[in-house]
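I have placed the structure first, in the form of structure tokens, so that the comments after it can refer back to it.
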Amino acid sequence: MAAVMRLASIVTITSLLGLSAAQYIVDPPTTAAPDTILDCTYWHVALANDTCDVIIEYPWLTLEEFYTYNPSLEEDCQFIVGNSYCVEQNWDVPPPTTTRTTSATTTTSPTPTSTPSTLAEWCASQAGGYVEYCPRCLYHCEGETTWVGQCFWNVFSTINRYDSLCWQHGGIDCANQAVDRVCPRS
């Protein structure tokens, strides 16, 4: 019984410690300030002579955004050499826009939507902008009977991640490279 209590204590302590650490989308390569945004997906590691001029070289980033991502940073870019600073939020995907609407009470019948029935239909329903690659990626989910949609969602999310990482680093033909990596030609 004492061993079970010790194990429960260790699990509780470990859980609490895990909650106190920042959980970034992409971990910083070096130390980052604790108030840095958590949905950071690309980092700049400060070098000895870095100034604000280095930051404005990132074509997708304004200084205003940079200070928003890194609130503890002084406005004259006084970096701590070796620390990581966020230069991209959420893969630079803009947040969804919200619009205020007024509603009236009406009664409508829901329009039925059909559930995909073939692997190709499931693939097309989850592929987004990568639909043309479905024939190459079908094999990933063959034999799946319960979670077919989730299987294809995982495949195309992985492709999208590789595509985004390639694009972030100035790659060329990133979508094809990402698909080649996840769904290689046979």
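Numbering (mature numbering (1 follows the signal peptide of the UniProt record, and there is no 0)), first residue to last: -22 to -1, 1 to 164.
Backbone N, C-alpha and C fix where the C-beta goes; we use that ideal spot for every residue, glycine too.
Listed as beta-bridge partners of histidine 22 by DSSP are Tyr63.
Between valine 133 and cysteine 161, the C-beta spacing is below 9 angstroms. DSSP places cysteine 112 in the uninterrupted alpha helix (DSSP H) bounded by 112 to 115. Look at alanine 105 here: in three-state DSSP terms it is coil, with no helix or strand label. By the beta-carbon neighbour count (other beta carbons within 10 angstroms, threshold 16), alanine 26 is exposed. Cβ contact annotation for cysteine 30 (same chain, cutoff 8 angstroms, sequence separation greater than five): Leu41, Asp54, Cys55, in chain order.
The residue among Asn154, Ser103, Ile15, Ala98 with its C-alpha nearest the C-alpha of asparagine 138 is Asn154. Proline 12 is classed as exposed because its beta carbon has fewer than 16 other beta carbons within 10 Å across all chains shown.
DSSP places isoleucine 33 in the uninterrupted alpha helix (DSSP H) bounded by 30 to 33. For leucine 16, the closest of His22, Ala24, Gln1 by C-alpha to C-alpha distance is Gln1. For alanine 11, the three-state secondary structure derived from DSSP is coil.
Between serine 62 and threonine 14, the gap from beta carbon to beta carbon is short of 9 angstroms.
Close CB contacts of aspartate 141 within its chain, under the 7 angstroms cut and outside five residues either way in sequence, are with Cys152, Ala153, Ala156 (chain order).
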